[in-house]
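Residues 1 to 125, numbered by the numbering used here, are exactly what the sequence shown covers, in order.
Data block below; observations after.
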Amino acid sequence: TKIVAIFVGLGLVIGAIGYPLTAIILKNRQQVKKAAAEINSLVPANETLYAVNPDYQPVFFYLNAPVKYASYIKNLPANTHYFIVQPQNETEATAAQKFAPRRAYPLARIRTHGQREVILFRVGQ
1 TKIVAIFVGL GLVIGAIGYP LTAIILKNRQ QVKKAAAEIN SLVPANETLY AVNPDYQPVF
61 FYLNAPVKYA SYIKNLPANT HYFIVQPQNE TEATAAQKFA PRRAYPLARI RTHGQREVIL
121 FRVGQ
């Protein structure tokens, strides 16, 4: 009976730790899929989406459009139509002269997972 009590106690401890941990993981996964759905609704599947210094973004695994990476906004090709930046690069992206006479403007601010956020830009007229 001592062995049974130990296993039951161990099971309760594992459950007490595992259940909240699983809930957090699943919540983040749902948030990532929701973010991907929002990006997919704004970026056509046949357009390349450029990610400028994105850090780790699991949302990219769920996107329909091909994703290419760039370290800096200045490294984006002149024919870029859509790109994603982190909030600290928003001002630089908005002011970028690289695409002149076209200009980049923010389409959406998207929370990808946890407290992380990206800004989706479109380069247009």
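Just so it is clear, CB atoms sit at the ideal spot from N, CA and C, and this is done for glycine as well.
Here the structure is a predicted model, which is why all the values come from computation and not from measurement.
**Message:** So for P54, helix, strand or coil by DSSP?
**Reply:** coil
**Item:** Y105 to F60 span [Cα, whole Å]
**Value:** 21 Å
**Message:** Whether or not the stretch 63-75 and the stretch 106-114 are in contact is what I'm after, with contact meaning three or more pairs of Cβ atoms, one per stretch, closer than 8 Å; do they touch?
**Reply:** no
**Asked** Is P54 buried or exposed, if buried means 16 or more other CB atoms sit within 10 Å of its CB?
**Response** buried
**Prompt:** Mind checking whether E47 and H81 have CB atoms under 7 Å apart?
**Reply:** yes
**Request:** Output the boundary residues of the beta strand (DSSP E) element that contains A108.
**Result:** 103-113
**Asked** DSSP three-state call for Y69: helix, strand or coil?
**Response** strand
**Same chain, Cβ closer than 8 Å to P66, neighbours up to 5 away in sequence not counted** = T48, L49
**Asked** DSSP puts F83 in a beta bridge; with which residues?
**Response** Y50, F121
**Proximity to V32 [Cα-Cα], best of N40, R102, H113** = H113
**Request:** Output yes or no for whether 7 Å exceeds the beta carbon distance between I84 and A36.
**Result:** no
**Message:** Relative to the C-alpha of A100, which candidate in E90, E92, G124, G15 has its C-alpha closest?
**Reply:** G124
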